[in-house]
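Asker: Going letter by letter, the sequence shown gives residues 6 to 451 in our numbering.
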Amino acid sequence: MDYQSFKQAVIAEAAALGLTDYELYYQSGEDTSVGAFGHEINEFSASEGGGICFRCIVNGKMGYASTEALNESEARAIVRRASDNASVLESKEEVFLCEGGLTYAPLNRESYDLPATEELIRITLETQEKLYASNPAVIDGCQTQGIAERSRIAIYNSRGLDLTYENTLTGLVVASVVSGDGEMANDYQIKLDKLDAIDTDALTKKATDGALGKLGGEVAPTGQYPVIFNSEAMSDLLATFSGIFSSENAQKGLSRLVEGDMVASEAVTLVDDPFHPENPSPRNFDAEGCPTYCKNVIEKGKLNTLLYNLKTAAVAGKETTGNASKAGYDAPVAIQPFTMYLANGEYTPEQLLQKADSGVYITSLEGLHAGANPVSGDFSLQSAGFMIENGRKTTAVKSFTVAGNFYQVLKRITAAANNSHLPMAMGKTAFGAPDVLVEGLSIAGK
């Protein structure tokens with residue numbers, strides 16, 4: 006039974022039970038992944054699956070039920086289970102469904118076919134061989150992964166909503182391992198695009214160059230310095246603490262941010278854009294079916310808005326920002342950005358170094374899950390990069406810890422470069438940033 010037939014069976018059963026407020030959320034996907042290790046394919050997986058969640062409002066309570074079986078008997082059963090669940094709930098929280106008849110921005114996203122498995126294997130193996138050929142320092146341990154995924158989402162409700170979304174994603178992940186002077190280092194890169202449009206020579210070279218850049222170096226001296234986080238490091242830091250921009254977390258006391266406050270320096274503008282061209286999964290409606298749109302979360306230091314879904318917006322007396330999300334078809338509605346990035350500043354990366362004059366240039370952060378507290382904003386992270394002397398990157402440094410507080414980092418960003426980009430990510434959310442200069446962070450090294 007296909008989704009459309011299942012939907013009609015649900016509508017008929019809801020009508021028979023006298024339900025007038027309900028929603029059907031459908032999600033399905035197929036994906037193929039191949040992995041190369043050494044000079045051969047060592048991993049292969051292919052899967053297809055999904056399911057449906059039915060929500061209904063009965064006497065002001067929201068009942069849920071879900072299934073992976075798309076057949077007529079289950080269509081009837083899922084409606085009855087959700088209705089029964091709603092009738093026994095004791096929660097007094099207000100519940101919401103998105104209204105129909107809203108306007109949605111066009112995605113302008115080109116659709117394309119998934120590659121044949123044989124083609125995915127061929128390109129993965131060829132890319133793996135290019136990793137080995139990219140530099141004499143490359144050693145065994147390199148890996149290449151080829152991915153091909155298609156996802157589908159549909160939302161229908163009794164208030165006139167009837168939306169569908171489909172997205173195709175293909176790409177390569179390469180991990181280069183190098184050795185030199187008794188050391189080993191690695192780096193990985195991701196590129197998402199049509200497989201025949203990916204410059205695999207440039208991709209493998211970037212991964213190998215990144216690994217080579219981690220060889221050698223000294224331990225940074227302990228002290229308090231101006232710090233430049235490069236684009237990748239700042240993007241990682243932003244991703245780690247992105248939860249502070251959720252209205253749900255703010256309403257639970259898990260974020261210190263208050264709308265209208267100056268929460269950052271005037272050098273900071275933070276954007277959430279569901280249509281960013283570098284986001285592999287653009288969306289024009291969120292997990293509740295509400296329209297998405299581009300917004301400045303922070304503009305020149307001022308917090309314009311937190312991110313809302315229907316429930317948290319009603320609590321705050323505001324409109325949703327279209328940031329409802331679901332981790333899966335049967336997951337509860339949460340909040341998530343789409344493409345969150347710090348906007349470009351006025352300096353070139355070279356000018357930013359000159360503005361810093363001296364300090365530490367950080368290119369990588371490790372231990373983001375263990376060394377960062379997303380509630381307090383505190384972090385203490387193993388890092389690597391370069392010393393900055395007389396406005397230039399000089400000695401490579403590693404095995405040092407950078408410590409601070411993300412709320413304070415936002416306020417201490419004195420300048421940003423004009424090289425903002427999104428390090429590739431395969432999830433629904435992407436994070437990006439330019440190089441940024443932060444005053445007065447603690448470095449613990451030698």
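Even for Gly, the Cβ is constructed at its ideal location relative to N, Cα and C.
Among 134, 258, 199, which has the Cα closest to the Cα of residue 213?
Answerer: Cα-wise, what sits closest to residue 213 is 134.
Asker: So, using beta-carbon positions, are residue 12 and residue 161 closer together than 8 Å?
Answerer: A contact, by the Cβ cut-off of 8 Å.
Asker: By the 10 Å Cβ neighbour count, where 16 or more other Cβ atoms means buried, how is residue 300 classified, buried or exposed?
Answerer: So residue 300 ends up on the buried side.
Asker: Verify the contact flag: residue 121, CB atom, against every heavy atom of the ligand MN, threshold strictly below 7 Å.
Answerer: For the ligand MN, the structure offers nothing, since it holds no ligand at all.
Asker: For the beta strand (DSSP E) holding residue 220, just list the boundary residues, first then last.
Answerer: Here residue 220 belongs to no beta strand (DSSP E), and DSSP marks it neither H nor E.
Asker: Whole angstroms are fine: how far does the CA of residue 58 sit from the CA of residue 31?
Answerer: Going from the Cα of residue 31 to the Cα of residue 58 covers about 7 Å.
Asker: Strictly by DSSP, which residues pair up with residue 155?
Answerer: Answer is 35, 173.
Asker: CA-CA distance, residue 373 and residue 345?
Answerer: Spanning the two alpha carbons is a distance of roughly 18 Å.
Asker: What's the C-alpha gap between residue 421 and residue 357?
Answerer: If I take the Cα positions, the gap works out to 7 Å.
Asker: Between the Cα of residue 110 and the Cα atoms of 196, 131, 168, which residue gives the shortest distance?
Answerer: The option with the nearest alpha carbon to residue 110 is 168.
Asker: Apply the 10 Å Cβ neighbour rule to residue 118 and answer buried if 16 or more other Cβ atoms are within range, or exposed otherwise.
Answerer: By the 10 Å Cβ count, residue 118 comes out exposed.
Asker: For residue 139, collect the residues of the same chain with a Cβ closer than 6 Å to its Cβ; drop the 5 residues on either side in sequence, then sort them by chain order.
Answerer: Cβ within range, chain order: 209, 210, 213.
Asker: Take residue 302 as the anchor and find which of 263, 29, 76 has the nearest alpha-carbon.
Answerer: Here the closest residue by C-alpha is 263.
Asker: Check for me: the alpha helix (DSSP H) holding residue 93 runs from which residue to which?
Answerer: First-last of the alpha helix (DSSP H) with residue 93: 77-93.
Asker: Residue 310 by DSSP, collapsed to three states: which one?
Answerer: Three-state DSSP puts residue 310 in coil, outside helix and strand.
Asker: Flag this pair as touching only if the segment 57-74 and the segment 37-44 have three or more C-beta atom pairs under 8 Å; answer yes or no.
Answerer: Touching, no.
Asker: Would you report the Cα separation of residue 68 and residue 275, rounded to the nearest angstrom?
Answerer: Their Cα atoms are separated by approximately 36 Å.
Asker: Closer than 6 Å by C-beta to residue 315: which residues in its own chain qualify, once you throw out the five before and the five after it? Chain order, please.
Answerer: Once the five neighbours on either side are set aside, the close Cβ partners of residue 315 are 101, 293, 325.
Asker: My guess is that residue 423 and residue 350 are in contact by the Cβ rule of under 8 Å, so how many angstroms apart are they, rounded?
Answerer: Contact holds; Cβ gap of about 6 Å.
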